[in-house]
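First comes the structure, then the notes that go with it.
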Amino acid sequence: MSLALADRAIGAIIGSAVADAAAQPLHWVYDLQKLSVLLSQSPEPEFRPESANPFYRRNTGQQSCYGDQAFVLLESLSECEGLNVEDLKQRTYKFFGPGSEYDTPVNDPYSDKGGKLIYCTSAFSYLFTFLLVLLEIFDVFAIYFGFQHRMVENHKLECCSISFFFRFLEHFILNGPDPKALDAVLKQLNDPNRKNPQELDKAIIGHIHQVKDNLSKKPKELIPTLVTGISAALSCLSGLPGAFQAALHGVLTASGYEQAIRDTMSCGGCTCSRSSFIGACIGAQVGLEGIPSSWKSKTLRYNTLLVLAKKVVTLQQL
Numbered sequence: 670m671s672l673a674l675a676d677r678a679i680g681a682i683i684g685s686a687v688a689d690a691a692a693q694p695l696h697w698v699y700d701l702q703k704l705s706v707l708l709s710q711s712p713e714p715e716f717r718p719e720s721a722n723p724f725y726r727r728n729t730g731q732q733s734c735y736g737d738q739a740f741v742l743l744e745s746l747s748e749c750e751g752l753n754v755e756d757l758k759q760r761t762y763k764f765f766g767p768g769s770e771y772d773t774p775v776n777d778p779y780s781d782k783g784g785k786l787i788y789c790t791s792a793f794s795y796l797f798t799f800l801l802v803l804l805e806i807f808d809v810f811a812i813y814f815g816f817q818h819r820m821v822e823n824h825k826l827e828c829c830s831i832s833f834f835f836r837f838l839e840h841f842i843l844n845g846p847d848p849k850a851l852d853a854v855l856k857q858l859n860d861p862n863r864k865n866p867q868e869l870d871k872a873i874i875g876h877i878h879q880v881k882d883n884l885s886k887k888p889k890e891l892i893p894t895l896v897t898g899i900s901a902a903l904s905c906l907s908g909l910p911g912a913f914q915a916a917l918h919g920v921l922t923a924s925g926y927e928q929a930i931r932d933t934m935s936c937g938g939c940t941c942s943r944s945s946f947i948g949a950c951i952g953a954q955v956g957l958e959g960i961p962s963s964w965k966s967k968t969l970r971y972n973t974l975l976v977l978a979k980k981v982v983t984l985q986q987l
């Protein structure tokens, strides 16, 4: 039986947050030899009891820094009943600014209190977008995109990659499972009357075709290629569009929610950004009930996330 639109929207929000929490203990592990040892210790790497993140540490079950940013946005959307940029700025400053957990060595054991805070724009944009995709249905994506563009105005390729992620997620929220989703999105992008056209659309279409040409490969075969250089723009596993391509590949080749997240975690690098994207797109297809209960119970903020997600979706009358 097909899911209702509201169920798919809630599934996207929760699917992303749960996947982010699952991947958090193995976030930003770029040493593939070290990762191999860690993975050999457990065939199921999600919710690893002890964090192996070399850059910052959270308790298992907590969100990554990206998931925290999405949570702040979700709270703001819920409390303000829509996008309120000023409220979002204040909440973000309070959550991440001076005196917060992100200003202490607990979060980053390698930095002194008051030192440079973690900066993470690219994957943050993934999480930002999956919530605001709900609003675009009511024609306010342009408002958001202008706001986000000001935040990363020197990263035009990132902004374009974000907009394409948005198109895929929107497709799954509106239509549910669709084996022809990639072709449907490419058709949108070739439509001269498409919404929110960007100057780098043709470049991103090329990156999507690269994914399409590699769908027969497993994630571990694909991601090292992205790291070593399909092109100079794909030289960093955490950067866009490389991370976008890897995540999109994970969505289009997924055999199920759990295995898709495990597969991308086994590739190392920025696991949380890819996992949150994959989790959102699969969550939109399977709904809340399709996300494993054991994973939801291990996500410490799950109950709060669910209340907020339901409110945001209800506000949009989906």
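Residue numbering for the sequence shown is 670 to 987, as defined by my numbering. Ideal Cβ placement from N, Cα and C applies to all residues, glycine included.
For this session: Taking Ser685 as part of the alpha helix (DSSP H), name the residues at either end of that continuous run.
Result: As a working note, residue 685 is residue 16 in the sequence shown. For Ser685, the enclosing alpha helix (DSSP H) covers residues Leu674 to Ala692.
For this session: Could you pull the start and end residues of the alpha helix (DSSP H) that Arg943 belongs to?
Result: Residue mapping note: residue 943 aligns to position 274 of the sequence shown, counting from 1. Per DSSP, Arg943 belongs to the alpha helix (DSSP H) from Thr940 to Val955.
Problem set entry | Alpha-carbon spacing of Ser685 relative to Leu851, whole angstroms | Start at 1 with the first residue of the sequence shown, and residue 685 comes out as number 16. Start at 1 with the first residue of the sequence shown, and residue 851 comes out as number 182. If I take the Cα positions, the gap works out to 20 Å.
For this session: Would you kindly work out how many angstroms separate the C-alpha atoms of Phe716 and Ile947, rounded to a whole number?
Result: Counted from its first residue, the sequence shown places residue 716 at position 47. Counted from its first residue, the sequence shown places residue 947 at position 278. So the alpha carbons of these two residues sit roughly 17 Å apart.
Exercise. Can you tell me whether Glu839 is buried or exposed, with buried defined as 16 or more other CB within 10 angstroms of its CB?
Worked result: In the sequence shown, the residue the question calls residue 839 occupies position 170. Counting of Cβ neighbours within 10 angstroms places Glu839 among the buried residues, the total reaching 16 or more.
Exercise. Are the beta-carbon atoms belonging to Arg727 and Gly956 less than 8 Å from one another?
Worked result: Position 58 of the sequence shown holds residue 727. Position 287 of the sequence shown holds residue 956. The criterion of a C-beta distance shorter than 8 Å is not satisfied by Arg727 and Gly956.
Problem set entry | Nonlocal neighbours in the same chain, by C-beta distance under 7 Å from Ile874, ignoring five residues either side | Here residue 874 refers to the residue found at position 205 of the sequence shown. Spatial neighbours of Ile874 in its own chain (CB-CB distance under 7 Å, excluding positions within 5 residues in sequence) are listed in chain order as Leu855 and Leu858.
Exercise. Which partner residues of Val920 appear in the DSSP bridge assignment?
Worked result: The sequence position of residue 920 within the sequence shown is 251, counting from 1. For Val920, which the question treats as bridged, DSSP gives no partner whatsoever.
Problem set entry | Test item: CB-CB of Ala681 and Ser944 under 8 Å | One-based indexing of the sequence shown puts residue 681 at position 12. One-based indexing of the sequence shown puts residue 944 at position 275. Between Ala681 and Ser944, the C-beta gap is not smaller than 8 Å, which leaves the two residues out of contact.
Problem set entry | Euclidean distance between Cα positions of Leu921 and Gly911 | The residue labelled residue 921 in the question sits at position 252 within the sequence shown. The residue labelled residue 911 in the question sits at position 242 within the sequence shown. One Cα belongs to Leu921, the other to Gly911, and the distance between them is close to 15 Å.
For this session: Report the residue from Thr933, Gln985 and Asp860 whose alpha carbon sits nearest the alpha carbon of Pro714.
Result: The residue labelled residue 714 in the question sits at position 45 within the sequence shown. Of the candidates Thr933, Gln985 and Asp860, the one whose C-alpha sits nearest the C-alpha of Pro714 is Thr933.
For this session: Under 8 Å Cβ to Cβ from Glu719, same chain only, skipping five residues before and after it: list those, please.
Result: To locate residue 719, count along the sequence shown from 1; it is residue 50. Here the set comprises Pro694 and Thr729.
Problem set entry | Distance, His696 Cα to Lys763 Cα | Locating residue 763 in the sequence shown gives position 94, counting from the first residue. Locating residue 696 in the sequence shown gives position 27, counting from the first residue. Distance between the alpha carbons of Lys763 and His696: 24 Å.
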